[in-house]
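Chemist: Going left to right, the sequence shown walks through residues 437 to 482 as our numbering numbers them.
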Amino acid sequence: MNDGVKKTLGDALVLEGERGNAFAKTVDYSQMSARLASLRQRAAKQ
Numbered sequence: 437m438n439d440g441v442k443k444t445l446g447d448a449l450v451l452e453g454e455r456g457n458a459f460a461k462t463v464d465y466s467q468m469s470a471r472l473a474s475l476r477q478r479a480a481k482q
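#1: Excluding the five sequence neighbours on either side, which residues of its own chain have a C-beta within less than 6 Å of the C-beta of residue 470, listed in chain order?
#2: Pick helix, strand or coil for residue 464, following the three-state DSSP scheme.
#3: Could you check the C-alpha separation between residue 442 and residue 458 for me, to the nearest Å?
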């Protein structure tokens, strides 16, 4: 992780964890499932 600011490893890990939690709360997994199904179907045709 590099935000252009030097942080301690502990602070950086806390910040990265907060970002991961924010992503997990806002991501739409249904879109990911649809995309994965599309890719699998396309791969099966080849």
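Idealized CB from N, CA, C, for every residue including glycine.
Note that the structure is predicted; figures quoted are calculated from it, not measured.
Modeler: Inspection of the coordinates gives the following:
#1: none
#2: coil
#3: 22 Å
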